[in-house]
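Q:
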Amino acid sequence: MRTIAYYVIALIVIIADQWSKRLVVQQMEIGERIEVIPGYVSILSHRNSGAAWGMLEGKMAFFYVVTIFVVGGLLYYFYKEAKHDTLLSVAIMLLVGGAIGNFIDRVLYQHVVDFISVWIPVIDYNFPIFNIADAALTIGVILLIIHMVFEEKLKSKVKS
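To convert, note that position 68 of the sequence shown is 68 in the UniProt record's numbering; the numbers rise steadily by one, no gaps.
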C-alpha cells in the first residue's frame, strides 16, 4: 500500500468524526437521546471535558501537550519503521485520526462531543458514551496488540 493511502485512513477518521459531532451539536440538545436499536444502541448528545470515563476532567493543557507528543511520536514511528507493514500502519493511522479528532474538539470547544451510547444487557453494563474518534483509537489499539502478538510468534518461529 502506498504511504499516502495510510494518511487517507487518518483523514477519513477525522472527517467522519468531525462531521458526526457537528451533526449532533447542531441537531440535538445536550442529554437528548435518539434510539437506534431500542434498549441497546442510541445516539445521546453528551460533552466530556476529560478523557475516557471522564478521567482528568478539565485538564485541557495536559491533553494538548500529550496529544501533540503522541501524534508526533506515532507519525515519526510510522515514517521510520511502520510504513512497510500494513497492519501496523493501519493501526497507527487509526490512532492518529482518533487523537486528532478529539484534539480538534478540545481546541474548539474545551470538551469532546460524545454521542454513541451502548447498553450491554448480558453483563448489565452501560458502556461509557463515545464517538468515532474513540472507536478509531480503540480499534487502533486492538490492531497494535494483534500486531505485537503475531510479530512475537514470528520472532519465536525464526529463532527455532
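By construction, the Cβ of each residue, glycine as well, lies at the ideal position given by its N, Cα and C atoms.
What span of residues does the beta strand (DSSP E) with Tyr125 cover, start to end?
A: Mapped onto the sequence shown, residue 125 falls at position 125. 125-130 is the span of the beta strand (DSSP E), which, as asked, contains Tyr125.
Q: Examine the Cβ distances between the segment 122-137 and the segment 7-27 and report whether three or more of them are shorter than 8 Å.
A: Short answer: they touch.
Q: Give the straight-line distance between the Cα atoms of Gly73 and Ser117, rounded to the nearest whole angstrom.
A: Position 73 of the sequence shown, counted from the first residue, corresponds to residue 73. Position 117 of the sequence shown, counted from the first residue, corresponds to residue 117. Approximately 31 Å between the Cα atoms of the pair.
Q: If you measure between the beta carbons of Leu144 and Ala91, is that distance less than 8 Å?
A: Residue numbering aside, residue 144 sits at position 144 when the sequence shown is read from its first letter. Residue numbering aside, residue 91 sits at position 91 when the sequence shown is read from its first letter. Contact flag set, yes.
Q: Can you name the start and end residues of the beta strand (DSSP E) that Ile116 belongs to?
A: Within the sequence shown, the letter at position 116 stands for residue 116. Taken as a continuous stretch (DSSP letters only), the beta strand (DSSP E) holding Ile116 covers 112-120.
Q: Using the Cα positions of Val13 and Leu95, report the straight-line distance between them to the nearest angstrom.
A: Your numbering for residue 13 matches position 13 in the sequence shown. Your numbering for residue 95 matches position 95 in the sequence shown. Each residue's Cα considered, the two are about 9 Å apart.
Q: What are the start and end residues of each continuous beta strand (DSSP E) run of 3 or more residues lying completely inside the segment 22-86, in chain order?
A: For the segment 22-86, whole beta strand (DSSP E) runs of length 3 or above, ordered along the chain, are 33-37, 41-48.
Q: Please work out which residues of its chain come closer than 6 Å, Cβ to Cβ, to Phe63, disregarding the five sequence neighbours upstream and downstream, and give them in chain order.
A: Sequence index remark: in the sequence shown, residue 63 carries index 63 (1-based). Contacts found: Arg106.
Q: From residue 163 to Ser42, what does the alpha carbon distance come to, in whole angstroms?
A: Nothing can be reported for residue 163, as the shown portion of the chain is limited to 1 through 160.
Q: Pull up the CB-CB distance for Ser45 and Gly31, whole angstroms please, since I reckon it's below 8 Å.
A: For the purposes of this step, residue 45 is taken as the residue at position 45 of the sequence shown. For the purposes of this step, residue 31 is taken as the residue at position 31 of the sequence shown. Going by Cβ atoms, the distance from Ser45 to Gly31 rounds to 6 Å, so yes, they are a contact pair.
Q: Taking the beta carbon of Gly39 as the centre, do at least 16 other beta carbons fall within 10 Å, making it buried, or is it exposed?
A: The sequence position of residue 39 within the sequence shown is 39, counting from 1. Answer is exposed; the Cβ neighbour count stays below 16.
Q: Apart from the five residues just before and just after Ile147, which ones in its own chain have a Cβ nearer than 8 Å to its Cβ?
A: What you label residue 147 is simply residue 147 of the sequence shown in a count that begins at 1. The amino acid occupying residue 147 in the given sequence is His; Ile does not appear at that position. So the list reads Asp85, Leu87, Leu88, Ala91, once near-sequence residues are dropped.
Q: How is residue 172 classed by DSSP in three states: helix, strand or coil?
A: As shown, the chain starts at 1 and ends at 160. That puts residue 172 outside it, with no answer to give.
Q: Is the beta carbon of Met60 closer than 8 Å to that of Gln110?
A: Position 110 of the sequence shown, counted from the first residue, corresponds to residue 110. Position 60 of the sequence shown, counted from the first residue, corresponds to residue 60. Yes, they are a contact pair.
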